[in-house]
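J.: Structure provided below as C-alpha cells; questions to follow.
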Amino acid sequence: MSVTILVDRPAERVARITLNRPEALNALNLQAMREITTAAAGLDRDPDVGAIVVTGSAKAFAAGADVKEMAPRSFGDVFAADWFAGWDALSRVRTPLVAGVAGYALGGGCELAMMCDVLIAADTAKFGQPEITLGVIPGMGGSQRLTRAIGKAKAMDLILTGRTIDAAEAERAGLVSRLVAADALLAETTATASKIASMSKPAAMLAKEAVNRAFESSLSEGLLFERRLFHATFATHDQKEGMAAFTEKRPAEFRHA
Ligand code: HXC
C-alpha cells in the first residue's frame, strides 16, 4: 500500500502515478523514491501498460527532494546509503514515461520530470535547480540531464543562480515537449500517453532505447545501434501488421508483440 503516491489507469493501456504528499508540495523523500520506482518497475512489467504518466498536483509536480529529511545527514550517511542512487531504477523503465507538470518542478522535481521521456507542462509550471541556495548541488541528475536538455549556457545559469524559470522560458529552452493550458494538462497527458500506448509496444520501447542511446554514444555508434534496432522490428508481428494496414488503407491492430 503506497503512502506517497496514487496509482490508477486513466485510459486503456495507460497507467498513472500521481505524487501525493500535498502537505510537503510532493517533496521527494526516500519513501516516495521507493514507491515511485517500485510502482513504475511493476507497471513496466505489465504487458497491458503501454505508457506511464507521472504527475503531481496543480500547485506542485514536486518541490524537490525532501530538504527536512536530508538536513541532518552527514557525508558518511549520504555516501554510505548512496543517497538518490535508487532513482536509477526509473531510468531502467523501458515503457515510455510521460510527465505532466503543473506548478513547482524544483530540484529533484525538475530532475524527476527530466527522467521522463515526454514532458508536458502546464502554463503554471515553474522549473529550477535551486540546490545551490541550500549549499548543495543537484544530486538526481540535474547537472547532467539539464545540460543535455538545454545546453551549457542555460544549465549553468539555472544551476549556479538557482533561479526559477516559467513554463514559456522552459519551452523556449527546449526543456519541455509541449506547453498546454493548466486546465488541459491532465487530458493532454492522458491523450498523449494513450497515443503512445496505441502504438506497437516493442516499437515504442525500441524507439525510446534508440533516442536515449544518443546521449551515451558517438554518432556513428548511435546510428549503427539505431539501424540494428530498426532491423529487429522486422521480427515482430506488429511490423507485418503495421505495414499491411498501411497498404490496405485501414487502421493497424497491434498485438504489442
Ligand atoms: C521538504 C518542503 C519542500 C522540500 C516545500 N516543502 N518544499 N519540504 N522539502 N523540498 C514544505 C514546506 O516546508 C511547507 O511545509 C510546505 O511544503 C508548503 O511549502 P511552503 O514553502 O509553505 O509553500 P510556498 O510558500 O507556496 O512556497 C513554495 C516553494 C517553497 C517556493 C516551492 O516551498 C520552496 O522553496 N521549497 C523548496 C524548494 C527547493 O529548494 N527544492 C530543492 C530541494 S533540494 P511546512 O510544514 O513547513 O509548512 C533537491 C535536491 C537536493 O531537490 C540534492 C542534494 C543532494
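Under the working numbering, the first residue of the sequence shown carries the number -9, and numbering increases by one thereafter.
Heads up, the beta-carbon is just placed ideally off N, CA and C, and yes, glycines get one too.
Keep in mind the model is a prediction, meaning the values are calculated, not measured.
(1) Quick check: does the Cβ of residue 96 come within less than 7 Å of any heavy atom belonging to the ligand HXC?
(2) At a threshold of 7 Å, does residue 129 count as lining the ligand HXC (C-beta to nearest heavy atom)?
(3) Rounded C-beta distance between residue 9 and residue 22? I'm assuming under 8 Å.
(4) Report, in whole angstroms, the separation of the C-beta atoms of residue 85 and residue 195, which I expect to be a contact under 8 Å.
(5) Excluding sequence positions up to five away, which residues of its chain have a Cβ less than 7 Å from the Cβ of residue 100?
(6) Provide the residue(s) that pair with residue -2 in DSSP beta bridges, ordered along the chain.
(7) Using a 10 Å radius around the Cβ and a threshold of 16 neighbouring Cβ atoms, would you call residue 123 buried or exposed?
(8) So, are the CB atoms of residue 94 and residue 53 less than 8 Å apart?
(9) Residues in its own chain within less than 6 Å of residue 40 by CB, not counting five upstream and five downstream?
(10) In the DSSP assignment, find the alpha helix (DSSP H) that holds residue 58 and state where it starts and stops.
(11) Looking only at its own chain, which residues have a Cβ that is under 7 Å from the Cβ of residue 200, when we skip the five neighbours before and after it?
(12) Using the rule of at least 16 other Cβ atoms within 10 Å of the residue's Cβ for burial, across every protein chain shown, is residue 11 buried or exposed?
(13) Counting pairs of Cβ atoms below 8 Å between the region 154 to 171 and the region 204 to 211, do you hit three or more?
(14) May I ask you to check if the CB of residue 62 is nearer than 7 Å to at least one heavy atom of the ligand HXC?
(15) Taking the alpha carbon of residue 154 as the reference point, which residue from 30, 115 and 134 has its own alpha carbon closest?
(16) Under 8 Å, with one C-beta from each stretch per pair, do the region 65 to 75 and the region 132 to 149 reach the 3-pair mark?
T.: According to the data block:
(1) yes
(2) yes
(3) 7 Å
(4) 7 Å
(5) 117, 118, 119 and 132
(6) 6.
(7) exposed
(8) yes
(9) 3, 187 and 191
(10) That run of the alpha helix (DSSP H) goes 57 to 60.
(11) 215, 216 and 219
(12) buried
(13) no
(14) No; taking the cut-off as 7 Å, the Cβ of residue 62 has no heavy atom of the ligand HXC nearer than that.
(15) Looking at 30, 115 and 134, the one whose alpha-carbon comes closest to that of residue 154 is 115.
(16) no
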